[in-house]
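Going by my numbering, the sequence shown opens with residue -15, and the numbers climb by one from there. Below you'll find the structure, written out as structure tokens, and then a few comments.
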Amino acid sequence: MTQPPKHLELTQVDIDFPTPNGPFKALQDVNLTINKGEFVSLIGHSGCGKSTVLNIVAGLYQATKGGCLLDGKEVNAPGPERAVVFQNHSLLPWLTAYENVELAVKQVFGKTKSKSEMREWIEHNLSLVHMDHAMDKRPDEISGGMKQRVGIARALAMEPTVMLMDEPFGALDALTRAHLQDSLMEIQKDLNNTVIMITHDVDEAVLLSDRIVMMTNGPAASVGEILNIDLPRPRDRLALADDPTYNHYRHEVLKFLYEKQRTPDSPKTEDKEKNEDVAQDVQVIKSKSEEKAA
Ligand SMILES: Nc1ncnc2c1ncn2[C@@H]1O[C@H](COP(=O)(O)OP(=O)(O)OP(=O)(O)O)[C@@H](O)[C@H]1O
Ligand SMILES: [Mg+2]
């Protein structure tokens, strides 16, 4: 009997970028299988090749060797079933926030939703990311974090089979970030879509993921280790802060990054944990004072 196709499969992927000094091998032998509805985070040092992996799944880059299959079909071009939230928010500058989302919604729902249903849907998604007050502003009239939120609304509004998110919450303040992380967990539970998210934030990776894929340093980067995050859902960030299993996972990721894949300028794990604890404390104090001010 033939096996049903895997949902998303990267097999023996290499990519060589042409450079003036000859080809640069960014990825070598990347293998990864992802199940339908799984939430996978990619983590690794800057420049290791995380965005490149995402761009291959998005169909924006073509692997030099090996390839990517989605539900048994080869990925070789972008498609609306794979929505991307780009690392450097990519909105069309001549369109308002509303129109940027509308463009994607028309592409996906143009034949199935009426005009008023589409309007409601666009507004709903912009309000999810707290951008309903600035719907009619153009990208050059809003901040970087706000542009990022419009990009997230645009991707969510497409109800894609696969969401590809490149550091989606990196430019946001702590409260907005926490709110959007929670919304994303809820939306993903309802829609059962597959998410691949790149992050530099260890807590974000552990809180959101079913698996964390840790990449080795480049050039010729590959999958180093994969950590299964076996924490029950729904997950509550406050309850998890004192959970020993949660902290064990967190430590495993830090160990991978700051011991096993240490770069000359990266701190040791204990120093990094101390720094992260300080950063966390600062964030909690900041959130509390922001809550008081609101
Ligand atoms: N189009 C390109 N042409 C040439 N080299 C490229 C290209 N895209 C990426 N690279 C190189 O491939 C490597 C991986 O880049 P990539 O953007 O995937 O890293 P990353 O892990 O996403 O980094 P960061 O965390 O800083 O975003 C880097 O050395 C980068 O310079
Ligand atoms: Mg990147």
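Don't be surprised by glycine CBs; every beta carbon is placed ideally from N, CA and C.
Within a Cβ cutoff of 8 Å, which residues of the same chain sit near residue i, ignoring the five residues on either side of it in sequence?
i           : result
residue 182 : 25, 26, 27, 34, 35, 38, 71, 149, 150 and 151
residue 58  : 51 and 52
residue 116 : 107 and 110
Have a look at residue i and residue j and give me their C-alpha separation to the nearest angstrom.
i           : j           : result
residue 131 : residue -13 : 43 Å
residue 77  : residue 129 : 15 Å
residue 189 : residue 212 : 11 Å
residue 91  : residue 106 : 13 Å
residue -2  : residue 7   : 12 Å
residue 237 : residue 169 : 21 Å
residue 118 : residue 56  : 41 Å
residue 265 : residue 185 : Legend: pLDDT at residue 265 = 46, less than 50; position of this residue unreliable, no value from coordinates given.
residue 156 : residue 221 : 17 Å
residue 231 : residue 225 : 7 Å
residue 281 : residue 219 : Nothing about residue 281 can be reported from this structure: the residues present for the chain run from -15 to 278 only.
residue 125 : residue 93  : 28 Å
residue 160 : residue 135 : 14 Å
residue 69  : residue 103 : 21 Å
residue 45  : residue 192 : 26 Å
residue 180 : residue 101 : 29 Å
residue 281 : residue 158 : Only positions -15 to 278 of the chain appear in this structure, which leaves residue 281 out of reach.
residue 120 : residue 67  : 23 Å
Among residues of its own chain, excluding the 5 on either side of residue i, which ones have a beta-carbon nearer than 6 Å to its beta-carbon?
i           : result
residue 233 : 190 and 213
residue 247 : 29
residue 17  : -10 and -7
residue 40  : 47 and 52
residue 235 : none
residue 54  : -8
residue 5   : none
Can you check whether the CB of residue j is closer than 9 Å to the CB of residue i?
i           : j           : result
residue 202 : residue 10  : yes
residue 147 : residue 32  : no
residue 97  : residue 89  : yes
residue -5  : residue 50  : yes
residue 133 : residue 80  : no
residue 13  : residue 206 : yes
residue 64  : residue 43  : no
residue 112 : residue 171 : yes
residue 209 : residue 244 : yes
residue 166 : residue 22  : no
residue 145 : residue 19  : no
residue 73  : residue 114 : no
Leaving out the 5 sequence neighbours to the left and right, which residues in its chain are closer than 7 Å to residue i when beta-carbon positions are compared?
i           : result
residue 109 : 85, 137, 140 and 141
residue 75  : 84, 123, 131, 134 and 135
residue 15  : -6, -5, -4 and 207
Taking CB distances under 9 Å as the criterion, tell me whether residue i reaches chain B.
i          : result
residue 31 : Absent from the structure is chain B; it holds one protein chain and no more.
Next on the checklist: Using only Cβ atoms and a threshold of 5 Å, which residues come within that distance of a heavy atom of ligand 1? Order them by chain position.
Outcome noted: The answer, residue by residue, is 1, 10, 30, 31, 32, 33, 34, 35 and 36.
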